[in-house]
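Visitor:
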Amino acid sequence: MDLDQVVSCYQQLMKEWNSKRPNYIEKCGQHLAKLKVGLTHCAFLPTAECENKKELLVARDILEIGAQWSCAARDIPSFERYLSMLKTYYMDYKNDLPESSYKYQLLGLNLLCLLAQNRVAEFHTELELLPPKEIQTNVHISHPVSMEQFLMEGSYNKIFLSKDNVPAASYTFFMDILLDTVRGEICSCAEKTYERISLPEISRMLYFDSVKSAGNYLAVRGWKLQGNVFVLSSPKDCKTEETFIPADTFASKTIDYAREMEQIV
1 MDLDQVVSCY QQLMKEWNSK RPNYIEKCGQ HLAKLKVGLT HCAFLPTAEC
51 ENKKELLVAR DILEIGAQWS CAARDIPSFE RYLSMLKTYY MDYKNDLPES
101 SYKYQLLGLN LLCLLAQNRV AEFHTELELL PPKEIQTNVH ISHPVSMEQF
151 LMEGSYNKIF LSKDNVPAAS YTFFMDILLD TVRGEICSCA EKTYERISLP
201 EISRMLYFDS VKSAGNYLAV RGWKLQGNVF VLSSPKDCKT EETFIPADTF
251 ASKTIDYARE MEQIV
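What follows is the structure, given as structure tokens:
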């Protein structure tokens with residue numbers, strides 16, 4: 001694929017991506033697969049010999065669409081590959097190319113991607129590479145930073161309330177994963193703490209809109225419902241009637257303690 005073919009395919013990709021037609025994800029994926037090969041053949045990837053800014057800008061645009069397409073296609077490995085290549089443009093060529101309007105949106109997406117997978121150490125490593133001003137004032141960066149703070153505080157209700165308040169539509173994909181991660185952590189705590197817990201109570205703890213949704217979620221997790229109560233397999237000596245603590249209070253305190261220990265270590 002020569003330069004003219006790459007540009008032509010890029011234009012088709014742009015048209016398809018902006019159309020948002022029913023099959024646009026599939027069509028964009030086909031164009032991106034061709035362009036991935038075309039970029040290497042045309043030396044679009046940054047090198048010491050590649051000084052053509054126009055070519056670099058086209059390549060950056062393609063990679064940015066690829067990263068956003070990966071979110072629409074719900075493909076995390078693909079997103080991470082595109083971000084890995086984009087960092088070269090954003091970091092190494094930041095003084096040679098005009099700043100992309102998508103730069104911090106995608107870098108913020110990367111932070112949320114790491115957080116959603118509980119890769120907290122990598123989250124902080126990436127955050128340290130960003131300008132302090134952007135961390136404080138750019139909504140695309142401050143959003144994942146706030147989510148991380150809520151996690152550390154155990155303020156899970158704030159995370160769930162933030163689900164529909166995202167800085168860009170592409171953030172919804174990783175927010176859904178983050179919510180599932182939080183629910184999994186709450187369930188793990190309950191499994192180690194309680195022998196029995198009612199469906200309405202665990203539904204409230206997991207921030208589901210209905211007990212039916214909670215029941216379906218927990219059924220996939222392997223929880224067994226007897227009547228209106230889930231019977232878990234926690235050790236009986238974990239609790240007694242004399243030391244009974246409400247489920248949501250105990251779970252919150254246990255998770256807070258684990259977070260504090262994690263920060264100390």
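For the sequence shown, the UniProt record's numbering gives the first residue as 1, with consecutive numbering after it.
Ideal placement from N, C-alpha and C gives every residue a C-beta, glycine not left out.
Given residue 102, which residues of its chain have a CB within under 7 Å of its CB, disregarding the five upstream and five downstream residues?
Guide: 64
Visitor: Touching or not, the segment 133-153 and the segment 199-214, by the rule of three or more beta carbon pairs under 8 Å?
Guide: These segments do not touch.
Visitor: Going by the DSSP bridge assignment, what does residue 231 pair with across the sheet?
Guide: 196 and 224
Visitor: Using the C-alpha atoms, what's the distance from residue 91 back to residue 112?
Guide: 19 Å
Visitor: Should residue 170 and residue 83 be called a contact, given that it needs their Cβ atoms to be closer than 8 Å?
Guide: no
Visitor: Label residue 161 either buried or exposed according to how many other C-beta atoms from any shown protein chain fall within 10 Å of its C-beta, with 16 as the threshold for buried.
Guide: exposed
Visitor: Here's the rule: buried if 16 or more other CB atoms are within 10 angstroms of the residue's CB, otherwise exposed. What is residue 124?
Guide: Taking all protein chains in view, the Cβ of residue 124 is surrounded by fewer than 16 other Cβ atoms within 10 Å, so the residue is classified as exposed.
Visitor: Less than 8 Å between the beta carbons of residue 199 and residue 184, yes or no?
Guide: no
Visitor: Report the start-end ranges of each alpha helix (DSSP H) in the segment 49-89 that is 4 residues or longer and not cut off at the edges.
Guide: 53-72 and 76-87
Visitor: Could you tell me the alpha carbon to alpha carbon distance between residue 277 and residue 59, rounded to whole angstroms?
Guide: No information on residue 277 is available, as it lies outside the stretch 1 to 265 that the chain covers here.
Visitor: So the alpha helix (DSSP H) residue 121 belongs to, where does it begin and stop?
Guide: 120-127
Visitor: Going by DSSP, what residue range makes up the alpha helix (DSSP H) through residue 144?
Guide: 139-153
Visitor: Can you give the beta carbon distance from residue 24 to residue 17, rounded, assuming they're within the 8 Å contact cut?
Guide: Your pair residue 24 and residue 17 checks out as a contact, with CB atoms roughly 7 Å apart and the cut at 8 Å.
Visitor: Suppose you measure from the CA of residue 40 to the CA of residue 222; what does that come to, to the nearest Å?
Guide: 47 Å
Visitor: Smallest Cα separation from residue 3: which of 30, 20, 55 and 32?
Guide: 55
Visitor: For residue 33, count the other beta carbons within 10 Å of its own beta carbon; 16 or more makes it buried, fewer makes it exposed. Which is it?
Guide: In this structure residue 33 is exposed. Its beta-carbon is surrounded by fewer than 16 other beta-carbon atoms within 10 angstroms.
Visitor: Please list the terminal residues of the continuous alpha helix (DSSP H) segment that includes residue 19.
Guide: 3-19
Visitor: Can you list, in chain order, the residues of its chain whose CB lies under 8 Å from that of residue 230, leaving out five sequence neighbours each side?
Guide: 196, 197, 198, 199, 202, 218, 223 and 224
Visitor: For the alpha helix (DSSP H) holding residue 37, just list the boundary residues, first then last.
Guide: Unbroken alpha helix (DSSP H) run through residue 37: 24-41.
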